[in-house]
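Engineer:
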Amino acid sequence: MSTDELADHVAQLSLIDHHVHGVARGPLDRAAFEQLITESDRPMMSTFDSQLGVAIRRHCAPLLGLEPLVSADAYLEARSALDESELSRIFLTATGVSDYLVDTGYSGDLVTSVDELAQLSGSRTHEVVRLEAELEYVAEHESDVSAVPDAFLKRLESRTKGAVGLKSIVAYRHGFGFDPSEPSRAEVLTALDRWYSNRDRLSDPVLLRWLLWTGARRGLPLQLHVGFGDSDLQLDKTNPTLLTEWLRRIEPLGTQVVLLHCYPYHREAGYLAHVFPHVSFDLGLTTMYVGARAATVLAEGLELAPFGKVLYSSDAFGPAELHYLGATLWRRAITAVLGGFVAEGEWSPADAGRVAGLIGRENAVRLYGIGG
Amino acid sequence: MSTDELADHVAQLSLIDHHVHGVARGPLDRAAFEQLITESDRPMMSTFDSQLGVAIRRHCAPLLGLEPLVSADAYLEARSALDESELSRIFLTATGVSDYLVDTGYSGDLVTSVDELAQLSGSRTHEVVRLEAELEYVAEHESDVSAVPDAFLKRLESRTKGAVGLKSIVAYRHGFGFDPSEPSRAEVLTALDRWYSNRDRLSDPVLLRWLLWTGARRGLPLQLHVGFGDSDLQLDKTNPTLLTEWLRRIEPLGTQVVLLHCYPYHREAGYLAHVFPHVSFDLGLTTMYVGARAATVLAEGLELAPFGKVLYSSDAFGPAELHYLGATLWRRAITAVLGGFVAEGEWSPADAGRVAGLIGRENAVRLYGIGG
Amino acid sequence: MSTDELADHVAQLSLIDHHVHGVARGPLDRAAFEQLITESDRPMMSTFDSQLGVAIRRHCAPLLGLEPLVSADAYLEARSALDESELSRIFLTATGVSDYLVDTGYSGDLVTSVDELAQLSGSRTHEVVRLEAELEYVAEHESDVSAVPDAFLKRLESRTKGAVGLKSIVAYRHGFGFDPSEPSRAEVLTALDRWYSNRDRLSDPVLLRWLLWTGARRGLPLQLHVGFGDSDLQLDKTNPTLLTEWLRRIEPLGTQVVLLHCYPYHREAGYLAHVFPHVSFDLGLTTMYVGARAATVLAEGLELAPFGKVLYSSDAFGPAELHYLGATLWRRAITAVLGGFVAEGEWSPADAGRVAGLIGRENAVRLYGIGG
Chain A
1 MSTDELADHV AQLSLIDHHV HGVARGPLDR AAFEQLITES DRPMMSTFDS QLGVAIRRHC
61 APLLGLEPLV SADAYLEARS ALDESELSRI FLTATGVSDY LVDTGYSGDL VTSVDELAQL
121 SGSRTHEVVR LEAELEYVAE HESDVSAVPD AFLKRLESRT KGAVGLKSIV AYRHGFGFDP
181 SEPSRAEVLT ALDRWYSNRD RLSDPVLLRW LLWTGARRGL PLQLHVGFGD SDLQLDKTNP
241 TLLTEWLRRI EPLGTQVVLL HCYPYHREAG YLAHVFPHVS FDLGLTTMYV GARAATVLAE
301 GLELAPFGKV LYSSDAFGPA ELHYLGATLW RRAITAVLGG FVAEGEWSPA DAGRVAGLIG
361 RENAVRLYGI GG
Chain B
1 MSTDELADHV AQLSLIDHHV HGVARGPLDR AAFEQLITES DRPMMSTFDS QLGVAIRRHC
61 APLLGLEPLV SADAYLEARS ALDESELSRI FLTATGVSDY LVDTGYSGDL VTSVDELAQL
121 SGSRTHEVVR LEAELEYVAE HESDVSAVPD AFLKRLESRT KGAVGLKSIV AYRHGFGFDP
181 SEPSRAEVLT ALDRWYSNRD RLSDPVLLRW LLWTGARRGL PLQLHVGFGD SDLQLDKTNP
241 TLLTEWLRRI EPLGTQVVLL HCYPYHREAG YLAHVFPHVS FDLGLTTMYV GARAATVLAE
301 GLELAPFGKV LYSSDAFGPA ELHYLGATLW RRAITAVLGG FVAEGEWSPA DAGRVAGLIG
361 RENAVRLYGI GG
Chain C
1 MSTDELADHV AQLSLIDHHV HGVARGPLDR AAFEQLITES DRPMMSTFDS QLGVAIRRHC
61 APLLGLEPLV SADAYLEARS ALDESELSRI FLTATGVSDY LVDTGYSGDL VTSVDELAQL
121 SGSRTHEVVR LEAELEYVAE HESDVSAVPD AFLKRLESRT KGAVGLKSIV AYRHGFGFDP
181 SEPSRAEVLT ALDRWYSNRD RLSDPVLLRW LLWTGARRGL PLQLHVGFGD SDLQLDKTNP
241 TLLTEWLRRI EPLGTQVVLL HCYPYHREAG YLAHVFPHVS FDLGLTTMYV GARAATVLAE
301 GLELAPFGKV LYSSDAFGPA ELHYLGATLW RRAITAVLGG FVAEGEWSPA DAGRVAGLIG
361 RENAVRLYGI GG
């Protein structure tokens, strides 16, 4: 298998995007579009002046009939000539993704549902249920604090019936510096009481780790946001090595933990995947946001990590360009990285092809029991 | 624009070195020179045995009429044949820097003043005022503790009349793990009392964060030393993500914060610049010290960072070789990095040329309101 | 010196492997072998699915008469046809290592002794004595707590008579977040009392830092495990910058500290080596485990580090493939990195050759006073 043959093989891989969100429901004007291609929640200079912005001009423009690297203005003009569902269909049908695992816990009203994404893309979709959102839902509907623990379990059971995974955003709400032990029922009730008294955002560390333990006991793969995200987190508190003792304690439960995104802690994630059999990770979101640097970052994630413990995701949300770009940049990056190992004589072409398939698809098939 | 054309374009860019110090006043013997090409404050084996040492032999030797990569002995011999101001003129007039922003708060007696640097270089110079040095000055001249807060404000007002920025070295004096809130006048007075009682080095976290808040209220861009420096700091305490909550709190003031150097936390700096509209950063000092590795490190800084938020500086202090080397290595590095993106087909040549101009000059023009 | 000549020069360098363990005593079946090519202490999918696994197939297969990159099965079949001491001889005599510095403090019964390693390899061997193991030995033989401090000093004196260095695994037992001051005799006795009362694993921070101080007072180079290792440590607690204040305090003792492995904190290690004259480091274990990525990681370690402060080690333990692979991957990596600097015109070929010799051999000769 030559480099070209590897590129062909990777281009034809049917990917599983194991962590993604819906595409935008309504039309996106320039301001809305620019706000969705940054993780910042603040107004900024043009967000096209970034690796992601250049990558959109480079890789998405041709799908709208434009030359690669046209100006942002020309790109947005072409984009505005199509309606959002037509745009979604164009990009989603070009991703080469057979299965999307959709996190429905974030701004679900702004983006398509799990079923709508399936219709637009022609791919299979599966749900990933966000723990914090479910507790918030229960709290809105259950006024009796003492009934919340059972109500939450019941809610989780019903919500996860057809789901393939769980997700936690404890990284945003508290960071990973929490007590690794499982809280007692009494601790949980006290914390719920406190929370019910003011009903501010769910950020109580007792409740958050109760969710983590409850999620880990559920048995489905548990996805954790790690590292890079918006300004609402403090990056150093999301270093996944802070999870070490908690990972040791939940190991006997047999639940798989999947660290998402991980930048700039992807080497740390690789270490955890190396030493713990129940830890996997991806470089979703990252691969897309770093654009022309995707291969370098991806390669750093392939140092200590066993090749059976790395996954593909886009973490795309909103414009379908992101769903497409995640897949496209990952394909370019993995080809460059593994093709580089082959070119240096360090790997065989067969090794490269097989590992690309593990990361792009087969590890997710095994982990989530889907896709076949 | 071909790679060669990009290199030409970058070679001709008129840079703004937005954080620098003066050049050495007196002659430098071998020991003094070697001590100034390391951040260590300890005696060492030859400091030429380092990336910076090799870079001096590689890039500075030709300006003294020597072959690139002559021995350190030959280099020092040629150097010793010229007086320091002649050396300064040789290197300073070759930097292609139109404007120097000069931090005058460190060992100002050993190096040229803001005006002298202008004369030697033929470039414009502007002052950056160091907050800690100004409070130390006030403390030397004001014996009444209760008068210090007003005296400091008055001093700051007078010192910053012609200045373009402020600088803090809280990274050295305490690290970034300080209480992010603004201290009350009572807290400040108590802390001043404590400090006046022993007059040791200014390292009280209350006073340091009072300086930061006062600096942020002044409105001028506020430069913060981040990461790599001499043995006087503890590196992990200078991780800029520790500033997150403080950055959130000063955001309403509208002051721009500029993170300096940042190694090995330049990816973290890129994240902060990505999510906060009032955060920029550079890889000054770093680009110079890592020598042949400058392109790699610079590229890591260009992953998440919006291109309007990255600046050029040398942080040179002492031998004018450093002022020259900062600019020269940055030009080589940015050409290699952006030219590489173009060669891979990921960026257009025009993108590369424009982003080089933003980082080398235009972002500083906008941020500091200088240079035009 | 062309790139080929540099490769030849590096290939012929007589290395000093300044931190290594013995080779396996008994035969290794597939399960045992796979468990020894991972740092995980948990059962896993095939550990051949990793950079180290591919590197074994790539670089070790030819020494067993196989094609590079044969399958793991074919490799293991060829391996099983030879007895372990024959395998050891094959790989050890191909390393080009003149001197092994052997850490005897870990699972010494499973691997060859210092003398046996010399016999199998035909190289010189020297002992590195592990501080924690010696205190555990004393505790097994001395029931009177008050006699332990003197007994430990006597034991250390006798054990280090022919030794060339000391080693500490405080990274595993507590992490580097310990009080940097030397504990008093009273503190040590209290801590010993506490430890003697339950005799669990030696992880008391008072005792661990007493060992560090005692080791530093002994004067021999003191090796510290840093960063990546098995699941028994918490990675972020092994960031070597946490040692800063302790390094400052022991500096007057004149003892050299050598940071081992360091991944992913090798840039931090380079910073410490830059600012502290008594700090050196290596990328042992790392270079081997990251396989095809070795050059990239090694290059990151050569940014701030003075070239007189970087060493070579394998940290191999068990299968002699690892002793061979450490040397082989280091040679490939250093050739690629330094040859790259030469190819870019940033270094002279002579610089590259000399620095390879410093790192591979001469720095260890000077530091440990061996090998000549």
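Protein chains in written order, with UniProt numbering: chain A, 1 to 372; chain B, 1 to 372; chain C, 1 to 372. Cβ atoms here follow ideal geometry from the backbone N, Cα and C, with glycine treated the same way.
(1) For Glu-182(C), which option in Gly-162(C), Gly-215(C) and Leu-224(C) has the closest C-alpha, if you only look at C-alpha atoms?
(2) Do Val-170(B) and Ala-191(B) come within 8 Å of each other at the CB atom, strictly closer than that value?
(3) Whose C-alpha, out of Thr-160(A), Leu-69(A) and Pro-240(A), is nearest the C-alpha of Arg-130(A)?
(4) Counting only C-beta atoms, is Ala-171(A) closer than 8 Å to chain C at any point?
(5) What whole-angstrom Cβ distance do His-19(C) and Asp-315(C) have, given they're in contact under 8 Å?
(6) Find the nearest neighbour of Thr-287(B) within the set Ser-123(B), Ser-313(B), Tyr-265(B) and Leu-304(B), judged by alpha-carbon distance.
(7) Note down, in chain order, every chain A residue with its Cβ under 8 Å from the Cβ of Val-297(C).
(8) Among residues of its own chain, excluding the 5 on either side of Arg-185(C), which ones have a beta-carbon nearer than 8 Å to its beta-carbon?
(9) Apart from the five residues just before and just after Ala-74(A), which ones in its own chain have a Cβ nearer than 7 Å to its Cβ?
(10) Start and end of the beta strand (DSSP E) containing Tyr-100(A)?
(11) By the DSSP assignment, the alpha helix (DSSP H) with Glu-346(A) in it spans what residues?
(12) Taking Cβ positions, are Ile-370(B) and Asp-99(B) nearer each other than 8 Å?
(13) So, does the region 249–261 of chain A touch the region 267–285 of chain B, judging by three or more C-beta pairs under 8 Å?
(14) Step through the CB atoms of chain C and report whether any lies within less than 8 Å of the CB of His-274(A).
(15) Would Trp-347(C) and Val-54(B) qualify as a contact pair, given that the criterion is a beta-carbon distance under 8 Å?
(16) Can you tell me whether Ser-50(C) is buried or exposed, with buried defined as 16 or more other CB within 10 angstroms of its CB?
(17) Rounded to whole angstroms, what is the Cα-Cα separation between Leu-135(A) and Phe-178(B)?
(18) What does a CB cutoff of less than 6 Å around Trp-330(A) pick up in its chain, not counting 5 residues either side in sequence?
(19) Is there a Cβ of chain B sitting closer than 8 Å to that of Arg-293(A), yes or no?
(20) Could you tell me which uninterrupted beta strand (DSSP E) segments, each at least 3 residues in length, are contained entirely in the region 234–287 of chain C, listed from first to last along the chain?
(21) Leaving aside the five residues before and after Ala-61(A) along the sequence, list all residues of the same chain whose C-beta is less than 6 Å from its C-beta, in chain order.
(22) Assuming Ile-37(A) contacts Leu-52(A) (C-beta within less than 8 Å), just tell me the rounded distance between them.
(23) Could you tell me which residues DSSP puts in a beta bridge with Lys-161(C)?
(24) Residue 397(A) versus chain C: which residues are under 8 Å apart at the beta carbon?
(25) Using a Cβ-Cβ cutoff of less than 6 Å, which residues in the same chain neighbour Ala-72(C) once the five nearest sequence positions on both sides are dropped?
(26) Starting from Arg-209(B), trace the beta strand (DSSP E) both ways and give me its first and last residue.
(27) Does Ser-50(B) have its Cβ less than 8 Å from a Cβ in chain C?
(28) Is Thr-238(C) close to chain B, meaning its C-beta is less than 8 Å from at least one C-beta of that chain?
(29) With DSSP as the reference, label His-141(A) as helix, strand or coil.
(30) Could you please give the first and the last residue of the uninterrupted beta strand (DSSP E) stretch that includes residue 376(B)?
(31) Tell me, please, whether the region 291–298 of chain C touches the region 343–362 of chain B by the rule of three or more beta-carbon pairs shorter than 8 Å.
(32) Just to confirm, is the Cβ distance from Leu-325(C) to His-59(C) under 8 Å?
(33) What did DSSP end up calling Ile-334(C) once you bin it into helix, strand or coil?
(34) State the Cα-Cα distance for the pair Phe-176(C) and Ala-7(A), rounded to the nearest angstrom.
(35) Closer than 9 Å by beta-carbon distance: list the chain C residues that pair up with Thr-38(B), in chain order.
(36) Check whether the region 303–312 of chain A and the region 275–286 of chain A are in contact - that is, three or more C-beta pairs closer than 8 Å.
Structural biologist: With the structure as the only source:
(1) Along the third sequence, read from residue 1 onward, the residue named residue 182(C) stands at position 182. The residue with the shortest Cα to Cα distance from Glu-182(C) is Gly-215(C).
(2) As a working mapping, residue 191(B) is identified with position 191 in the second sequence. As a working mapping, residue 170(B) is identified with position 170 in the second sequence. No. Outside cutoff.
(3) On the first sequence, position 130 is the one that residue 130(A) refers to. With distances taken between Cα atoms, Arg-130(A) lies closest to Thr-160(A).
(4) Translated into the one-based positions of the first sequence, residue 171(A) becomes position 171. So no, Ala-171(A) is outside the interface.
(5) As a first step, residue 19(C) is located in the third sequence; it is residue number 19 there, counting from the start. As a first step, residue 315(C) is located in the third sequence; it is residue number 315 there, counting from the start. Contact holds; Cβ gap of about 6 Å.
(6) Residue 287(B) sits at position 287 when you count from the first residue of the second sequence. Ranking Ser-123(B), Ser-313(B), Tyr-265(B) and Leu-304(B) by Cα distance to Thr-287(B) puts Ser-313(B) first.
(7) Working through the third sequence from its first residue, we reach residue 297(C) at position 297. What Val-297(C) touches in chain A: Glu-303.
(8) To locate residue 185(C), count along the third sequence from 1; it is residue 185. Closer than 8 Å at Cβ, skipping near neighbours: Pro-149.
(9) Residue numbering aside, residue 74(A) sits at position 74 when the first sequence is read from its first letter. Only Leu-66 meet the Cβ criterion.
(10) For this step, residue 100(A) is matched to residue 100 along the first sequence. Unbroken beta strand (DSSP E) run through Tyr-100(A): 97–103.
(11) Here the question's residue 346(A) lines up with position 346 in the first sequence. Element bounds for Glu-346(A): n/a, residue is neither H nor E.
(12) Within the second sequence, the letter at position 370 stands for residue 370(B). Within the second sequence, the letter at position 99 stands for residue 99(B). Closer than 8 Å, so yes.
(13) no
(14) Taking the first residue of the first sequence as 1, we reach residue 274(A) at position 274. Chain C contact via Cβ: present.
(15) As a first step, residue 347(C) is located in the third sequence; it is residue number 347 there, counting from the start. As a first step, residue 54(B) is located in the second sequence; it is residue number 54 there, counting from the start. The answer is yes: Cβ separation under 8 Å.
(16) Along the third sequence, read from residue 1 onward, the residue named residue 50(C) stands at position 50. When all chains shown are included, Ser-50(C) counts as buried.
(17) What you label residue 135(A) is simply residue 135 of the first sequence in a count that begins at 1. What you label residue 178(B) is simply residue 178 of the second sequence in a count that begins at 1. Spanning the two alpha carbons is a distance of roughly 34 Å.
(18) Position 330 of the first sequence, counting from 1, holds the residue named residue 330(A). So the qualifying residues of the chain are Thr-287 and Tyr-312.
(19) Indexing the first sequence from 1 puts residue 293(A) at position 293. Yes, its Cβ sits closer than 8 Å to a Cβ of chain B.
(20) Look at the region 234–287 of chain C and you find these whole runs of beta strand (DSSP E), each 3 residues long or longer: 257–261 and 279–282.
(21) Taking the first residue of the first sequence as 1, we reach residue 61(A) at position 61. Closer than 6 Å at the Cβ level, and outside the excluded window around Ala-61(A), lie Pro-68, Val-70 and Tyr-75.
(22) Locating residue 37(A) in the first sequence gives position 37, where the first residue counts as 1. Locating residue 52(A) in the first sequence gives position 52, where the first residue counts as 1. That pair is a contact at about 5 Å.
(23) Working through the third sequence from its first residue, we reach residue 161(C) at position 161. Lys-161(C) pairs with nothing; no bridge assigned.
(24) For chain A, the structure presents residues 1 to 372; residue 397(A) sits outside this window and is missing.
(25) Mapped onto the third sequence, residue 72(C) falls at position 72. For Ala-72(C), where only same-chain residues beyond five positions count, the Cβ hits under 6 Å are Phe-48.
(26) On the second sequence, residue 209(B) is found 209 positions in, with the first residue counted as 1. Segment 205–218 is the alpha helix (DSSP H) holding Arg-209(B); no beta strand (DSSP E) there.
(27) By one-based count along the second sequence, residue 50(B) stands at place 50. Ser-50(B) counts as touching chain C.
(28) On the third sequence, residue 238(C) is found 238 positions in, with the first residue counted as 1. It does not; no Cβ of chain B falls within 8 Å.
(29) Along the first sequence, read from residue 1 onward, the residue named residue 141(A) stands at position 141. For His-141(A), the secondary structure class from DSSP, reduced to helix, strand or coil, is helix.
(30) Nothing can be reported for residue 376(B): it is not among the residues displayed for chain B, which extend from 1 to 372.
(31) no
(32) Along the third sequence, read from residue 1 onward, the residue named residue 325(C) stands at position 325. Along the third sequence, read from residue 1 onward, the residue named residue 59(C) stands at position 59. In this structure, His-59(C) lies closer than 8 Å to Leu-325(C) by Cβ.
(33) Taking the first residue of the third sequence as position 1, residue 334(C) is located at position 334. It is helical.
(34) The residue you call residue 176(C) lines up with position 176 of the third sequence. The residue you call residue 7(A) lines up with position 7 of the first sequence. Between Phe-176(C) and Ala-7(A), the C-alpha separation is close to 45 Å.
(35) Numbered from its first residue, the second sequence carries residue 38(B) at position 38. Neighbours of Thr-38(B) on chain C, chain order: His-274, Val-275 and Pro-306.
(36) yes
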